[in-house]
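J.: If you use my numbering, the sequence shown corresponds to residues 7 to 120, in order.
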Amino acid sequence: MSDTIFGKIARGEVPADLVYEDEAVVAFRDLNPQAPTHILIIPRRPIPTLNDLEEEDAALVGKLFLAAKQIAAQEGIAAAGYRTVINCNAEGGQTVFHLHLHLLGGRPMGWPPG
Ligand code: DGP
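(1) For residue 7, collect the residues of the same chain with a Cβ closer than 7 Å to its Cβ; drop the 5 residues on either side in sequence, then sort them by chain order.
(2) Would you mind stating whether residue 112 and residue 83 have Cβ atoms separated by less than 8 Å?
(3) Can you tell me whether residue 49 is buried or exposed, with buried defined as 16 or more other CB within 10 angstroms of its CB?
(4) Is residue 36 close to ligand 1? I mean its beta-carbon at under 7 Å from any heavy atom of the ligand.
(5) Does the distance between the C-beta of residue 11 and the nearest non-hydrogen atom of ligand 1 fall short of 7 Å?
(6) Any contact between the region 14-32 and the region 93-100? By contact I mean 3 or more CB pairs, one from each, below 8 Å.
(7) Let me confirm a value: residue 11 is counted as buried when at least 16 other C-beta atoms fall within 10 Å, else exposed. Which label applies?
(8) To the nearest angstrom, how far is it from the Cα of residue 14 to the Cα of residue 23?
(9) According to DSSP, is residue 109 helix, strand or coil?
(10) Say whether the region 102-112 touches the region 39-55, bearing in mind that this needs 3 or more beta-carbon pairs closer than 8 Å, one atom from each stretch.
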């Protein structure tokens, strides 16, 4: 049910521009970037939305953010700053139903978002 394009990327079945991977997390460049740096950080295990998170997923969510921190440094945007976003369901703007953390940077991000 929750096999999406991101699950296929995590399993190496579909190509992506990977920037980071470990046993729990994979990160790759967004196909439709909204900023000079736009990376998607996903758990290998498919969780459809933020609404589906369970207590047992707490460490996994922490790993998404630790990967974001490491990738931001690697991309050279850590000091200037960046934004992390998780969209949830239709009004949140979610289109791929495999939980993912957007890492956006390389330009002033502005607030509020559109
Ligand atoms: P969201 O709207 O939060 O569900 O974000 C989905 C993002 O995924 C969107 O910014 C475009 C990106 N995307 C969709 N399909 C692909 C794909 O096949 N490869 C990559 N690299 N990114 C994709």
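Just so you know, even glycine gets a beta-carbon here, dropped at the ideal spot from N, CA and C.
T.: Here's the rundown:
(1) At residue 7, the pLDDT of 49 sits below 50, so the modelled position is not reliable; the number obtained from the coordinates is stated separately. If we look at residue 7 and ignore the five residues flanking it on each side, it has no Cβ neighbours.
(2) Less than 8 Å separates the beta-carbon of residue 112 from that of residue 83.
(3) In summary, residue 49 is buried, with 16 or more beta-carbon neighbours lying within 10 Å of its beta-carbon over all protein chains present.
(4) Look at residue 36: its beta carbon is less than 7 Å from one of the heavy atoms in ligand 1.
(5) Yes, the Cβ of residue 11 comes within 7 Å of a heavy atom of ligand 1.
(6) Counting Cβ pairs under 8 Å, fewer than three are found: no touch.
(7) With fewer than 16 other CB atoms across the displayed protein chains lying within 10 angstroms of its CB, residue 11 is exposed.
(8) The straight-line gap from Cα to Cα measures roughly 13 Å.
(9) Here DSSP, grouped into helix, strand and coil, assigns residue 109 to strand.
(10) Output reads yes: the region 39-55 touches the region 102-112.
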